[in-house]
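To keep things clear, I will list the structure first and then write my remarks on it.
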Amino acid sequence: MSETKSMQRGADARSTAGDQAWDIAGALARILRDAIGASLGVAGDDADPALRSSTNPKFGDYQANFAMALSKRLGRPPREIAASVVEAARGPIAAIAEPPEIAGPGFVNIRVRTGALGAALAAIDCPSLGVPDVQGTRTIAVDLCGVNVAKQMHVGHLRATIIGDTIARLHERMGWRVWRENHLGDWGLPIAMVLASLRRRGTDLGAITLADLNAAYRAAQAESADDEAGLAAVRSTGAGPHRLIELEAQHSGAAAAAEDARRTLRLLQSGDGATVADWRKLIDVTMHEVFETAKTLGVDLRPEHSRGESFYRDRLAATVDAFVRSGLATEDQGAIIVRFADRERPLLIRKSDGAFLYATTDLAAVQFRVQELGAERVVYCVDARQRDHFADVFDACRMIGWTRRRDGTDAELRHAGFGAVLGADKRPLKTRSGENFTLKALLDEAVERGTFEVRRRAEDPQAPTHGMGDAELARIGRAVGIAAVKYADLSSDISRDYVFDLDRMISFEGDTGPYLLYAHARICAILAKAGDMDAHAAIAPDVPEERALALAILRWPSTVADAAHALEPNRICGYLFALAGAFSGFYQACPVLRAEDPGVRASRLRLCALTRRVLADGLGILGIDAPARM
RNA sequence: GCACGCGUAGCUCAACGGAUAGAGCAUCGGUCUUCGGAACCGAGGGUUGCAGGUUCGAAUCCUGCCGCGUGCGCCA
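Position in the first sequence counted from 1, then plus 138, gives you the working numbering.
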């Protein structure tokens with residue numbers, strides 16, 4: 139969604155929901171659109187004023203770029219077009235801005251009047267901060283986290299969890315009804331394998347940890363590894379009989395383990411009481427740690443968000459049937475597949491042995507989310523490598539009509555695919571011994587580093603944190619460490635890989651989470667020292683640094699709407715960094731508490747308070763806790 | 001082989017088809033009896049992988065190359 143479109147949305151909202159005095163950009167866009175219609179006879183999409191925030195303060199606060207685009211269509215020079223529109227808009231625009239200037243090939247540069255800017259700031263200083271609210275009339279399902287039972291969370295889950303949480307929070311912030319769907323891997327042969335392996339050993343499932351489970355998972359996989367290929371290779375290369383016998387013994391052991399796993403799976407599927415009870419214990423052990431990690435991360439993930447693969451187990455046969463009956467699925471080499479017109483790759487929805495696949499579950503889940511949860515958007519926060527898979531699943535759902543909602547509209551299916559977390563060597567992050575990093579280890583290190591830095595600074599007698607208790611410093615250090623990791627992950631385009639570099643993330647300099655926390659804490663200090671303030675003081679942004687800060691604040695509502703629409707958390711990050719930068723400039727140039735004029739002091743205090751609220755609001759959307767002191 | 005994604009400053013990354021492609025880090029130079037210096041201001045640094053095309057205007061859209069990455073029926 140372009141900024142222009144969201145500005146237009148602001149204008150549209152005003153016409154139905156009354157005046158939104160903070161929405162200067164929306165008002166300007168509407169005035170220009172009307173003027174384009176009145177003076178040029180152009181309407182609809184062609185009358186788009188193409189209003190943008192100016193790229194450079196010398197071009198004013200906003201610029202409108204419509205003239206060049208209309209030049210060819212109307213056969214008139216762009217500057218002439220701009221002039222006639224500006225003339226037609228002169229009256230209504232005068233209340234908001236200085237007379238617009240026409241520059242270059244036909245840009246219309248607009249500078250907002252100080253009075254209008256102050257009034258807009260006073261208007262946006264309300265509970266919603268101007269962010270649109272759909273009041274529960276719209277519904278989204280966000281597929282996030284996606285852990286597997288009996289497996290330790292690793293760095294991939296970091297992204298699936300915090301990106302999903304941010305997308306959920308973005309929509310919650312705008313009043314959407316949000317379903318957080320933790321699509322656990324809690325069903326099928328892999329789980330049965332672990333369960334079978336643990337039961338063979340007589341392990342006490344009541345006293346097991348996730349680390350134990352993870353080890354059992356790997357052991358079970360190794361036990362069942364069918365070494366047919368190795369056997370064939372040994373035979374063909376004529377390796378010694380000792381090696382051959384060893385492999386054959388391993389092979390028969392593996393066959394026994396695999397058979398045990400299949401038997402366990404059958405018990406589980408048939409609802410055998412003892413087996414199901416043990417299965418639930420595996421889930422409990424796994425989820426206990428998942429929820430702990432979510433708490434550490436500041437992610438809203440609770441038991442009621444769990445709806446794993448097992449939830450869909452009784453819908454899979456019907457899913458396949460529906461595709462077969464509709465003629466979209468056919469049998470091929472014993473398997474059931476869905477073919478597409480534009481690609482060779484088919485989608486397998488049932489194996490030749492009759493078992494279902496993860497694609498089958500995904501199809502059933504789309505139908506459930508759209509038709510039973512009523513979602514108009516379904517978002518998958520899953521590794522970008524599954525792009526092809528989701529393209530197939532989404533297309534299959536459209537073909538069979540499962541994106542159709544009760545009101546007849548089509549749901550929007552989106553894969554918010556994210557890139558890999560890389561180590562310094564540009565390869566997927568591994569420990570020195572070549573293992574995947576557990577998420578817990580990674581977060582422990584981040585918290586440790588954050589705490590170290592906070593404690594080190596607290597030793598300075600001048601530091602505001604000097605003399606704080608150890609528990610308080612630890613709390614702040616934890617917030618800093620987690621903010622560093624989360625901000626680094628969310629601040630670049632999610633579809634790209636990024637290099638995990640804790641030194642850079644936590645350096646406290648530049649575009650980092652700790653920098654934003656610092657900006658927030660600094661404002662908190664000013665407000666605390668100010669004591670009582672006049673919440674209704676007039677705001678008069680006179681000097682350039684005040685104007686820049688004011689204009690940044692007014693961009694907040696459209697930033698939230700755009701980030702939610704595009705599913706791009708990095709837009710929130712970029713905005714907050716720019717806001718913090720604008721505040722720093724203001725702070726440097728404009729004394730607040732030391733301002734001599736009481737009116738100026740009160741105006742600037744309100745600007746500080748408003749900035750703090752927007753910062754806290756944005757950090758809240760990212761799920762980042764902002765301490766008052768650090 | 002086919003499909004998809006990505007190539008922007010030394011490094012990490014921005015940029016809705018719009019004015020001189022911007023930030024951060026690093027480098028160099030300033031501010032400084034601090035409303036919190038974890039700050040601010042400035043400088044240098046670019047043929048946006050290459051070649052064409054569309055457009056008043058292209059990092060952005062189209063085509064072809066080159067390079068890197070990922071995926072490609074009975075795992076999830």
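Every residue gets a Cβ at the ideal spot worked out from N, C-alpha and C, and that includes glycine.
Predicted model, so just to flag it, every value in this text is computed and none were measured.
Tell me whether residue i sits in a helix, a strand or coil according to DSSP, three-state version.
i	result
residue 289	coil
residue 475	strand
residue 553	strand
residue 708	helix
residue 566	strand
residue 542	strand
residue 469	strand
residue 158	coil
residue 592	helix
residue 347	coil
residue 275	coil
residue 368	Note that residue 368 scores 44 on pLDDT, short of 50, meaning its location in the model is unreliable; the coordinates nonetheless yield the value given after this. Reduced to three states, the DSSP call for residue 368 is helix.
residue 494	strand
residue 133	Because the chain is modelled from 139 through 768, residue 133 falls outside the range shown and cannot be assessed.
residue 170	helix
residue 678	coil
residue 632	coil
residue 574	strand
residue 440	coil
residue 481	strand
residue 270	coil
For the alpha helix (DSSP H) containing residue i, name the first residue and the last one.
i	result
residue 189	Premise fails: residue 189 lies in the beta strand (DSSP E), 189-191, not in any alpha helix (DSSP H).
residue 337	327-339
residue 217	216-232
residue 609	608-628
residue 430	411-435
residue 684	682-692
residue 450	Residue 450 -> no alpha helix (DSSP H), and no H or E assigned at all.
residue 260	252-262
residue 457	454-463
Taking only the alpha-carbon atoms, compute the straight-line gap between residue i and residue j and give it to the nearest angstrom.
i	j	result
residue 524	residue 556	10 angstroms
residue 696	residue 748	17 angstroms
residue 762	residue 716	17 angstroms
residue 187	residue 227	12 angstroms
residue 567	residue 677	50 angstroms
residue 497	residue 531	7 angstroms
residue 544	residue 309	21 angstroms
residue 760	residue 721	20 angstroms
residue 264	residue 190	25 angstroms
residue 618	residue 589	8 angstroms
residue 534	residue 483	13 angstroms
residue 373	residue 327	Note on residue 373: pLDDT 45, under 50, position unreliable in the model; no value is reported.
residue 766	residue 220	49 angstroms
residue 462	residue 470	12 angstroms
Between residue i and residue j, which are expected to be in contact by the criterion C-beta below 8 angstroms, what is the C-beta distance as a whole number of angstroms?
i	j	result
residue 291	residue 577	4 angstroms
residue 288	residue 355	5 angstroms
residue 320	residue 444	5 angstroms
residue 204	residue 241	Not really, about 14 angstroms apart at Cβ, beyond 8 angstroms.
residue 653	residue 718	7 angstroms
residue 691	residue 738	No, residue 691 and residue 738 are not in contact; Cβ-Cβ is about 18 angstroms, not under 8 angstroms.
residue 349	residue 507	The pair is not a contact, with the Cβ atoms about 33 angstroms apart (cut-off 8 angstroms).
residue 270	residue 704	No, residue 270 and residue 704 are not in contact; Cβ-Cβ is about 15 angstroms, not under 8 angstroms.
Tell me which residue opens and which closes the beta strand (DSSP E) that residue i is part of.
i	result
residue 247	245-248
residue 317	315-319
residue 240	239-241
residue 668	Taken as a continuous stretch (DSSP letters only), residue 668 belongs to no beta strand (DSSP E), being part of the alpha helix (DSSP H) at 651-668.
residue 202	200-202
Among all the DSSP beta bridges, which residues are the ones paired with residue i?
i	result
residue 517	280, 552
residue 499	For residue 499, which the question treats as bridged, DSSP gives no partner whatsoever.
residue 486	475
residue 637	560
residue 235	250
residue 323	286
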